[in-house]
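Each residue of the sequence shown is one higher than the one before, starting from 0 at the first, in numbering that gives the first Met the number 0.
All C-beta atoms in this analysis are idealised placements derived from N, C-alpha and C, irrespective of residue type, glycine included.
These figures come from a predicted structure and were not determined experimentally.
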Amino acid sequence: MENIIELKKYYSSKEFFENYIYEGNDLGVECNENGTTFKLWSPGAKSVVLNLYEAGDGCKAYEQIPMEKEDKGVWSYHSDKELHKVYYDYLIKRDSKEVLTADPYAKACGVNGIRSMAVNLKKTDPKDWGNDKAPKKDKERVVYELHVKEFSYDKSGGFPLEYRGKYKAFTCKHTTLNNDGIHPTGLDYLKELGVTHIQIMPMYDYGSVDETKDSEFNWGYDPVNYNVPEGSYATDAFHGEVRIEEMKEMIQSIHEAGFGVIMDVVYNHTYSLDSWFQRTLPWYFYRAYSDGKVSDGSACGNDVASERAMCSKYILESVLYWAREYHIDGFRFDLMGLLDTDLMNNIRKELDIIYGKGEKIIYGEPWSATDTAIEYNKKVAGKDNIALLDENIGAFCDNTRDSIKGSALRPKEAGFVNGGKDKEDDILSSVSAWCDPKYNKEFKGVKAPSQIVTYVSAHDNQTLWDKLSDTAGKDEVMRLNKLAAAIYMTCQGTLFFLSGEEFCRTKGGLDQHLQYANLSKQT
């Protein structure tokens, strides 16, 4: 604990800020026909060795190269060769210890993300990628939340076996239920449904699934390589370029079908404390209290210190990278209430400068599991601070959700549609996106409907059907399901619903189902 306390003080010192805050935007690997440059930020390291490999797992390094120390804690190496599809990691010596780490700034990796990969990104672009763009901006957004694997894994969807549960399933056209030729599935189904945007649950590289096993399942809220697509959704997880190519093909197909793509991002915590962040600079990227206790507002064992300069820079550059390289149209921030308002507003500002005001969508969860040890007098981007956020940063509105169907945290509590008492004013507030002070007594500081994401169910907690099932019989619950939809679909703000809500999806009453060992179990 004493080491954390001392490091915490040092990272906040003038000395550290002046000597180690790097302003360049070239960390990671730049690979093209003119050569390959590696840059790693690791202040205080005594030495850094670059290891090159022919594969993403197994085998020994075929070359080990001492890197050069530059200013601001940066280590670099340049090769005149185009090291496209060459795998690498770093051996860092700090004091008397050595640690092996992948690259936190990597854009590609091998199977299970244990080694990074150099990649010439231009060589991963699908045909006509330069002309890919989102459909014309809709006056009203209707967002459909789905999971890559769930969307196409079941054989009844009519997808080719090799594409089921993969990015490539989104490229399939004219699929139908059990191949009956009548009932559309895939993107054709979503066209009929009338949604405008598809929010895809985590599709960066995460740690809870073994990418060598096809049937494993997890929601993916456990990031490992933030700037790399998840390999279990690729037809080949062993060759790092494939996941990049196939994610781009998926996004291109979604755009061609008329939808925008919203990416679910999780910058508030990492898969574990033994992350690439921690290995390159211990305790810089994580929050801790003054007694050395690690902050755990995420309930995942760690909180990312978004208020620290290089951490904030990392998150901002990561968002801009996904928008630029993968043509992502919007971002849903998991536990946004753990990130600071300055960071969120800066992300909004930079996206507006590049793409136009409000063109890229930003919204998130304005809460956290518990308190967090945020520093520098920063404010978290939670409900209580919504007035500090740009009006084009949205927040999931649990007030609307709970007013319509009852609390997500208290299963027996009812809302308006299932018999809850004294909910009328809250329903009126919901319809007006909590902007009308005449009715709004609960959610203060909302500046515009653009700050409100209106919904009744998402991947967390019970589905709408399961929440209502204790209320009445099946036929009545179906009517209540429709009534709930009728209310929130007429509310101002961004409309959002969970995949399957439209046909009364159930999770068997479970509050969560984030992980299954095998997808033969229904989700």
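- A distance below 7 Å between beta-carbons, with the five flanking residues on each side excluded, links P103 to the following residues of its chain, in chain order: W275, F276 and T279.
- One thing to note: V118 has its Cβ no nearer than 9 Å to the Cβ of H173.
- For M66, the secondary structure class from DSSP, reduced to helix, strand or coil, is coil.
- Using a Cβ distance threshold of 9 Å, S271 and N301 count as a contacting pair.
- The alpha-carbon separation between N480 and D204 amounts to approximately 35 Å.
- Across the set E69, Y52, N33 and Y188, the C-alpha of E69 shows the shortest separation from the C-alpha of W40.
- If you draw a straight line from the Cα of A457 to the Cα of E144, it comes to about 7 Å.
- By the CB criterion at 9 Å, V455 and F496 fall inside the cutoff.
- Counting every other CB atom within 10 Å of its CB across the protein chains shown gives I181 a total below 16, marking it as exposed.
- A straight-line Cα-Cα distance of about 43 Å links I373 and E32.
- Where A308 is concerned, the enclosing alpha helix (DSSP H) starts and stops at A308 to Y325.
- A direct Cα-to-Cα measurement between I261 and Y220 gives close to 16 Å.
- Assignment of D179 by DSSP, reduced to helix, strand and coil, places it in the coil class.
- Apart from sequence neighbours up to five positions away, the residues of its chain that approach Y19 with a beta-carbon distance below 6 Å are P42, K71 and G72, ordered along the chain.
- Going by C-alpha positions, Y266 is about 22 Å away from I353.
- If you ignore the 5 residues before and after L6, its C-beta comes within less than 6 Å of the C-beta of W282, all in its own chain and listed in chain order.
- About 16 Å separates the CB atoms of V142 and M202; that is not less than 8 Å, and the two are not in contact.
- DSSP places F330 in the strand class (E or B) of the three-state scheme.
- Take G157, set aside five residues on each side of it, and the residues of its chain with a beta-carbon closer than 7 Å to its own are T174, T175, L176, N177, N178 and T184, in chain order.
- Approximately 6 Å separates the beta-carbon atoms of V445 and I385; this is inside 8 Å, confirming the contact.
- Secondary structure note for M477: its alpha helix (DSSP H) is the uninterrupted segment K473 to Y487.
- For H268, there is no enclosing alpha helix (DSSP H), as DSSP marks it with neither H nor E.
- Distance from the CA of D469 to the CA of G336, rounded to the nearest whole angstrom, comes to 31 Å.
- The continuous alpha helix (DSSP H) containing W464 extends over residues L463 to L467.
- When only Cα atoms are considered, H238 and E441 end up about 51 Å apart.
- Residue burial annotation: K136 is exposed, with fewer than 16 other C-beta atoms found within 10 angstroms of its C-beta.
- Exclusion of the five residues before and after A413 leaves G405 and G419 as the residues of its chain whose Cβ lies within less than 6 Å of its Cβ.
- By the Cβ criterion, the segment 111-126 is not in contact with the segment 285-293, since fewer than three pairs of Cβ atoms, one from each stretch, lie closer than 8 Å.
- Using a 10 angstroms sphere on the CB of Q450, the tally of other CB atoms reaches 16 or more, which defines it as buried.
- In the DSSP assignment, L342 falls outside any beta strand (DSSP E) and within the unbroken alpha helix (DSSP H) covering T340 to Y354.
- Taking all protein chains in view, the Cβ of P228 is crowded by 16 or more other Cβ atoms within 10 Å, so the residue is classified as buried.
- Cα atoms of P410 and D421: separation of roughly 18 Å, rounded to the nearest angstrom.
- For E423, the enclosing alpha helix (DSSP H) covers residues E423 to V430.
- K84: not part of any alpha helix (DSSP H); DSSP gives it neither H nor E.
- Between C108 and the set D131, E81, Y52 and G508, the nearest pair of CA atoms involves Y52.
- For T399, the uninterrupted alpha helix (DSSP H) segment begins and ends at D397 to K404.
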